[in-house]
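**Student:**
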Amino acid sequence: MTDRVRIAIVGSGPAGLSAAARAAALGLSHLLIEKTDHLSDTIFKYQKGKHVMATPSQLVLRSDCDFEAGKREAILDRWNAQAADQGVNVAYNAEVKAIVGIGDPIPGSIQKIVERRRDGTTETKEIQRLAPPYRLTLSDGRDVIADAVVMAIGTQGNPNLMRVPGADLPHVQYQLDDPGEYNDEHIFVVGTGDAGIENALGLAADEAQGNAVTILNRSTEFASAKAANVKALMAAAEAGRLAIMTETTTAKVEPGFITLDSRDGEVKLKCDRIIARMGSAPPRAFVESCGIEFTSGDRLAFPKLSPVFESTAPGIFVIGALAGYPLIKHCMNQGYDVVEYINGNRDLKPADEPILAAKFAGLPEKKSVADWLEYLRANVAVLEGLSPLQMREFMLDSEVRAYRRDDVIFEKFDPGSSLFGIARGQALVEVAPGVDIPIDQGSIFGEVGLISGRRRGATVRAGADSIMVEVSRTAALKLMSSNPPAKRAITRISTERQLLQMFGAGLTPADLADILDTAEIRTVKAGEAILSEGDLGNDIYVIRVGSMIVEKKIGGKNVFLSYLPAGSYVGEMALIAGGPRTATVKATVKSEVIRLNGDAFARLMAAKPALLERARRDMAARQDVNAFIESRKDSFSTVVDMYSETAKFLVDNGIGEATDVLLIDEHLCVGCDNCEKACADSHDGLSRLDREAGRTYAHLHVPTSCRHCEHPHCMADCPPNAIHRGPDGEVFIDETCIGCGNCQRNCPYGVIRMDSVPPRKPGLLSWMFFGAGPGPGEPSKKWRAKNAEPGVEKPKKAIKCDMCSGIEGGPACVRACPTGAAIRVAPEDFLTVARLGGEAR
Amino acid sequence: MAAGAASPIRRAKGEVLHDGFLRHAGFRWLKIATLICVLSIASYMLVDVTPRHNGGSWYGYAMGTIGVLLILWLTLLGLRKRAMTRGRWSLKAWTSAHVYLGLSLIVIATLHTGFQLGWNVHTLAYALMMLVILSGLFGIAVYATLPAALSNNRAEMTQVQMLDAVRAIDRQLHDAAQPLTHEQAALVRQSLEDDPFGGGLIARLSGRYPRCATARAQAALRRWTGETPDTGNDPLERIDALLERKQAMLARLRRHLKLKALLEIWLYVHVPATFALLAALTAHVVSVFFYW
Ligand SMILES: Cc1cc2nc3c(=O)[nH]c(=O)nc-3n(C[C@H](O)[C@H](O)[C@H](O)COP(=O)(O)OP(=O)(O)OC[C@H]3O[C@@H](n4cnc5c(N)ncnc54)[C@H](O)[C@@H]3O)c2cc1C
Ligand code: HEM
Chain D
1 MTDRVRIAIV GSGPAGLSAA ARAAALGLSH LLIEKTDHLS DTIFKYQKGK HVMATPSQLV
61 LRSDCDFEAG KREAILDRWN AQAADQGVNV AYNAEVKAIV GIGDPIPGSI QKIVERRRDG
121 TTETKEIQRL APPYRLTLSD GRDVIADAVV MAIGTQGNPN LMRVPGADLP HVQYQLDDPG
181 EYNDEHIFVV GTGDAGIENA LGLAADEAQG NAVTILNRST EFASAKAANV KALMAAAEAG
241 RLAIMTETTT AKVEPGFITL DSRDGEVKLK CDRIIARMGS APPRAFVESC GIEFTSGDRL
301 AFPKLSPVFE STAPGIFVIG ALAGYPLIKH CMNQGYDVVE YINGNRDLKP ADEPILAAKF
361 AGLPEKKSVA DWLEYLRANV AVLEGLSPLQ MREFMLDSEV RAYRRDDVIF EKFDPGSSLF
421 GIARGQALVE VAPGVDIPID QGSIFGEVGL ISGRRRGATV RAGADSIMVE VSRTAALKLM
481 SSNPPAKRAI TRISTERQLL QMFGAGLTPA DLADILDTAE IRTVKAGEAI LSEGDLGNDI
541 YVIRVGSMIV EKKIGGKNVF LSYLPAGSYV GEMALIAGGP RTATVKATVK SEVIRLNGDA
601 FARLMAAKPA LLERARRDMA ARQDVNAFIE SRKDSFSTVV DMYSETAKFL VDNGIGEATD
661 VLLIDEHLCV GCDNCEKACA DSHDGLSRLD REAGRTYAHL HVPTSCRHCE HPHCMADCPP
721 NAIHRGPDGE VFIDETCIGC GNCQRNCPYG VIRMDSVPPR KPGLLSWMFF GAGPGPGEPS
781 KKWRAKNAEP GVEKPKKAIK CDMCSGIEGG PACVRACPTG AAIRVAPEDF LTVARLGGEA
841 R
Chain U
1 MAAGAASPIR RAKGEVLHDG FLRHAGFRWL KIATLICVLS IASYMLVDVT PRHNGGSWYG
61 YAMGTIGVLL ILWLTLLGLR KRAMTRGRWS LKAWTSAHVY LGLSLIVIAT LHTGFQLGWN
121 VHTLAYALMM LVILSGLFGI AVYATLPAAL SNNRAEMTQV QMLDAVRAID RQLHDAAQPL
181 THEQAALVRQ SLEDDPFGGG LIARLSGRYP RCATARAQAA LRRWTGETPD TGNDPLERID
241 ALLERKQAML ARLRRHLKLK ALLEIWLYVH VPATFALLAA LTAHVVSVFF YW
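The listed protein sequences correspond, in order, to chains D and U. Mind the numbering: the first sequence is residues 1 to 841 in the UniProt record's numbering, read in order. Mind the numbering: the second sequence is residues 1 to 292 in the UniProt record's numbering, read in order.
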């Protein structure tokens, strides 16, 4: 059976639904094609009762469907009703499997698809694009012919499927909505990522359900899951609530049974249900197969689009999360706009126009939004390759400001992770008091903060009346992933600047040309060594991202020598003093280093005595530490051990990537939990810290509390871009949080919780004298339920430590510790703490 | 060390990062309190009050006023501890001052009395003050010695995890007891139904639970297992091992609760005695002015 429509819309999320509603309103023949048996699967899968947020608030909604913040159920019900009322044609349970043109070949339009295989090799396929109309092949065997296609399939992709005989049987499922649904079953969970573990624990949680749960792990490690989840799983297995089978894979599935390949050979076991949680494959391959090109090979890249969302396949439009706009409001507006465009409306201004206009309002001249976008694109070199649509998106995440001559743009030691582009004028970088280095129009600055996530290294002022674009970290990362030339340019500039800043010594960019040509950026896995003691080699390594520890073997033991944060360098000893490497340098977390060719560096040192002098000084300081440790090795071996062990413990606990961390000295902690109470009372009554939980070594306790990582994992995937680094280096979540929980899942240290603000408590004095309210600290669930405002639903949002930013006096946990056990330290300092602790005892 | 270009730390080098409340700021409050005591004793010696030193002389009034103000300020620690206001205060500094200035009261108040004690409300106030101070001394003794023990004992477990662990063992005991004879199962049930922390304050503080049902169940079951060699598949052996584990976990939990109780119990003397002291002090002051 073949349908013929004007517009086929693939995916019924907010983007697709809004597009279909517009098509219905315009009376265009259309079909909304949805893989599942309900509308908007991503939102359908939110947890029950989730409060859905409607950010950004200043953006007006332009759609035939309504949307405002509220419960998931209310929104879905509303949409279902509106889709029916407005005459939207929906095909449910129909997954689009292929989209191909059935017109003539388009001359010169050839789609190259690069396929990466598991073994690392790649293969390039070439496909001749064909003109519209398009034929869409659906999984139910139907075909649909459409003049235009709107792709709105989101970014969820498809779960990775089991590939064994019987995997298509109905008791194999890829999702678990409610673990309470199943009773007295033999259930196998396949996959030991967080999702699999959480499902297994959920199924085994209530013994009364009587499920026999087994979780299968292909290897012996649980590398892809959070430590807390693994621990809980082990505890559950220990307690006999579920079984873990390692080095086991599935061989065959039959009704009632599963056959496994295990260490002891093949076993056939009773099995009523299989829950496969083996990750999901992003929809990219499918999208590419439709003739849609992506901006780069990067994992984070989005499809290449025109200002009206048209992809490289003419007549196929991409909108919504798949186009790089994860917020529901954006999705809905785009659905409306794209259908208007397809219907011939060329004058419609995008709904985000007022937001952009507001950004440009403060600039000296009056120009239209489109003109400003073009002005910035043409005048800032790294933006050159962006399309008008990309420029729009880019500016939504960025700011643009005018500065007068001598205005300070940022100060040395300010925290900041944004990048600045000079669209007009000049910036002056104060490298030493009274010594300014100019950076001219078209170039960028501030990139070190972006790369290494640390404080600004110098004060920058405007050298003339200027216009600067401030690019947020997110926007900069997007820019780099979608635009390879921009990435190369930023990397080269930042390497050059980092070297200039590190070595100072009167170097100029020209001096570095030779070194930069041979410089190479390398990613180093946690624990991997860049230098090994005894090796030959004279290259110099600059730590760009992450941090390293330096170790030396003394008497057969690895002794910790020092900690190197991003922005330091190693390798000078072998180069200056000759001989093999005297110590091993290992990454504490996944890091990036710049390798500089030793010979080129030696030539530079020969030409620049000041640089040689500087390197000699650093080397002497390091040799002192080595000598100190060596001299103590007999008399103080325990002290040295203690120091190394403590350092190792701290590094193992993620402190290598911390910028500020709460430690508790358990020689002093009396367990009063005043730190938790202070935390709760300083932040809307919710504590962001669990004192008792966490690791301890030699009485140094790392509680469950944010470490303000150099490269925060939580920031990685935040739809409203609500996580930032604040003025004191703190990583905080702002009020635009939509409560999706991505950050909580991404945090390896389990320090983010989802909760709603509890009701206000009566004051301290009324509690003390009249016993009113729950007293200091986080109120109990019971009190919260009793005192909640009836009928008012408070959204659950992500909360985490913000280092008490904006609270005078600093972190409340530390101020409120009666014995001085709680301290906050930067990694450079706590190793000193470890050492002092070691020597004092 | 590797001087990275952009040193992110603003903290001045050499600043002591970390010391406890007793050592706070190089024993600042110990020094101040000592100075106050020395000045008080010296002035007591130098000032000539006729016929002899007593609370009613101008010198006595001076000392008394200082004492009352100090006591009021010391009481305010309870408020400071809980008022999470903004600002550059540190509870550690407050505690440090509290301890040393509190101790200096021994000297100030004693000199205030001019060593004239008797059976009256004035001496009652003095005695209550000494009680508060003595309990405070006990407090700093436990604060100084027990935290390390608490930390060692809990071995990275939280109290909730310890309780969970006991519960998990209980579940296994319950399952493992199914094949047992009625008599044996009753012993296991005894352990399951026991409140392992019953026994009141004495048990809590001493950490000794002589009537622990788990210990008794194990001892009783050993009557059966004692004779037979371990074969590895007798359900009683499994029960025995589980009871052993439960006992170890209970011992840890009980030590944990004991240490926590010791760290807190003295406050149950310190604080109520403070309020009694405030009452007695009011009576003392009112009576002095009333009968003057
Ligand atoms: C837990 C969570 C909470 C969130 N909370 C909020 C919030 O509060 N506010 C907010 O603004 N955003 C929130 N987001 C983000 C937002 O939900 C998504 O970005 C948005 O739903 C994307 O809309 P979309 O229309 O582009 O795609 P989706 O909503 O993902 O819809 C895609 C649809 O396409 C279907 N589909 C996929 N492939 C095919 C195919 N081949 N053939 C046919 N159909 C197909 C899918 O089944 C699905 O129904 C949240 C996200 C998550 C995960
Ligand atoms: C008359 C003198 C004193 C008075 C009125 C007094 C009063 C108080 C009060 C009201 C508290 C608050 C308790 C709470 O709310 O938790 C307190 C705590 C404390 N006091 Fe005293 N005190 C006195 C003397 C001392 C002395 C002499 C010492 C030590 C030698 C001392 C040591 C402490 C300590 C260690 C705390 C606990 C701090 C904490 O854990 O928060 N006190 N005292």
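Glycine included, every Cβ here is placed at the ideal spot set by N, Cα and C.
(1) Any chance the CB of D:Thr491 is under 7 Å from a heavy atom of ligand 2?
(2) Using a Cβ-Cβ distance under 8 Å, would U:His18 count as near chain D?
(3) Taking the runs of the alpha helix (DSSP H) that are 4 residues or longer, which of them lie wholly in the segment 319-407 of chain D?
(4) Fully enclosed by the segment 702-753 of chain D, which beta strand (DSSP E) runs are 3 residues long or longer?
(5) Could you give the distance in angstroms between the alpha-carbon of D:Ala627 and the alpha-carbon of D:Ser418?
(6) Looking only at its own chain, which residues have a Cβ that is under 6 Å from the Cβ of U:Gln190, when we skip the five neighbours before and after it?
(7) May I ask you to list, following chain order, the residues of the segment 80-113 of chain U that have a beta carbon less than 7 Å from some beta carbon of chain D?
(8) Can you give me the start and stop residues for the alpha helix (DSSP H) that D:Asn787 sits inside?
(9) Tell me where the beta strand (DSSP E) around D:Ile75 begins and ends.
(10) Do D:Cys804 and D:Cys675 have their beta-carbon atoms positioned less than 8 Å apart in this structure?
(11) Let me check you understand the geometry: is the CB of D:Asn587 closer than 7 Å to at least one non-hydrogen atom of ligand 1?
(12) Taking only the alpha-carbon atoms, compute the straight-line gap between D:Glu793 and D:Cys737 and give it to the nearest angstrom.
(13) Can you find the residues in the same chain that come closer than 6 Å, C-beta to C-beta, to D:Lys268, ignoring five residues on each side of it along the sequence?
(14) Using a beta-carbon distance below 8 Å, is U:Phe275 in contact with chain D?
(15) So, using beta-carbon positions, are U:Val59 and U:Val68 closer together than 8 Å?
(16) Got a sec: is the Cβ-Cβ distance from D:Pro719 to anything in chain U below 8 Å?
(17) Quick one: is U:Phe21 near chain D, going by C-beta distance under 8 Å?
(18) The alpha helix (DSSP H) that contains U:Ala220, what's its start and end?
(19) With DSSP as the reference, please indicate the residues paired to D:Arg470 in a beta bridge.
(20) Can you tell me which of D:Ala152, D:Tyr134, D:Asp261, D:Ala822 puts its alpha carbon nearest to the alpha carbon of D:Pro14?
(21) Name the residue from D:Thr584, D:Phe286, D:Thr312 whose alpha carbon lies nearest to the alpha carbon of D:Val10.
(22) Give a yes or no on whether the minimum CB-CB distance between U:Lys260 and chain D is below 8 Å.
(23) Which bits of chain D does U:Glu156 rub up against, with CB to CB less than 8 Å?
(24) Quick one: any contact between the segment 83-96 of chain D and the segment 25-33 of chain D, if contact means 3 or more CB pairs under 8 Å?
(25) Check D:Tyr46 in the structure and name its three-state DSSP category.
(26) Which ranges would you report for the alpha helix (DSSP H) in the segment 66-100 of chain U if only whole runs of at least 4 residues count?
(27) Thinking C-alpha only, which one of D:Ala822, D:Val757, D:Pro748 is nearest D:Thr713?
(28) Could you name the residues of the same chain whose beta carbon sits closer than 8 Å to that of D:Thr518, not counting the 5 residues immediately before and after it, in chain order?
(29) Can you tell me whether U:Asp175 is buried or exposed? The criterion is at least 16 other CB atoms within 10 Å of its CB, across all chains shown.
(30) Can you pull out the residues from the segment 805-816 of chain D whose beta carbon lies closer than 7 Å to at least one beta carbon of chain U?
(31) What's the call for U:His256, buried or exposed, on a 16-neighbour Cβ count within 10 Å?
(32) Could you give the C-beta distance for D:Val380 and D:Gly421, rounded to a whole number, given that I count them as a contact under 8 Å?
(33) Look up D:Thr249 in the DSSP assignment and give the residues it is bridged to.
(34) Could you please tell me which residues of the segment 128-152 of chain U, in chain order, have their CB closer than 7 Å to any CB of chain C?
(35) Can D:Gly10 be considered in contact with ligand 1, in the sense that its beta carbon sits closer than 7 Å to one or more heavy atoms?
(36) May I ask whether a heavy atom of ligand 2 can be found less than 7 Å away from the beta carbon of U:Lys81?
**Tutor:** Walking through what the data contain:
(1) no
(2) yes
(3) 328-342, 353-361, 369-379, 388-396
(4) Taken in chain order, the complete beta strand (DSSP E) segments of 3 or more residues contained in the segment 702-753 of chain D are 723-725, 731-733.
(5) Roughly 41 Å separates the two Cα atoms.
(6) Ala213, Ala217
(7) Within the segment 80-113 of chain U, contact with chain D at the beta-carbon level (separation under 7 Å) is assigned to Lys81, Arg82, Ala83, Met84, Arg86, Gly87, Arg88, Trp89, Ser90, Leu91, Lys92, Thr95.
(8) Per DSSP, D:Asn787 belongs to the alpha helix (DSSP H) from 781-787.
(9) Boundaries for D:Ile75: no beta strand (DSSP E) harbours it, while the alpha helix (DSSP H) harbouring it runs 72-85, taken from the DSSP string.
(10) With contacts defined by Cβ atoms closer than 8 Å, D:Cys675 and D:Cys804 do not form a contacting pair.
(11) Inspection of the sequence shows that residue 587 of chain D is occupied by Ala rather than by Asn. Because no heavy atom of ligand 1 lies under 7 Å away, the Cβ of D:Ala587 does not count as near it: no.
(12) 16 Å
(13) Phe257, Thr259
(14) No - not a single Cβ of chain D is within 8 Å of the one on U:Phe275.
(15) Checking the sequence, you will find Tyr at residue 59 of chain U rather than Val. No.
(16) no
(17) yes
(18) 213-225
(19) Here residue 470 of chain D turns out to be Glu, not Arg, going by the sequence shown. Partner(s): D:Glu399, D:Phe420.
(20) D:Ala152
(21) Ranking the options by Cα distance to D:Val10, first place goes to D:Phe286.
(22) yes
(23) Gly694, Arg695, Thr696
(24) yes
(25) In this structure, D:Tyr46 counts as coil in the three-state DSSP scheme.
(26) 77-82
(27) The identity of residue 713 of chain D in the sequence shown is His, whereas the question assumes Thr. Ranking D:Ala822, D:Val757, D:Pro748 by Cα distance to D:His713 puts D:Pro748 first.
(28) Leu596, Asn597, Ala600
(29) exposed
(30) The residues in question are Ile807, Glu808, Gly809, Ala812, Arg815, Ala816.
(31) buried
(32) Going by Cβ atoms, the distance from D:Val380 to D:Gly421 rounds to 4 Å, so yes, they are a contact pair.
(33) D:Asp261, per the DSSP bridge assignment.
(34) The chain inventory of the structure shown lacks chain C, comprising the protein chains D and U.
(35) Inspection of the sequence shows that residue 10 of chain D is occupied by Val rather than by Gly. The answer is yes for D:Val10.
(36) yes
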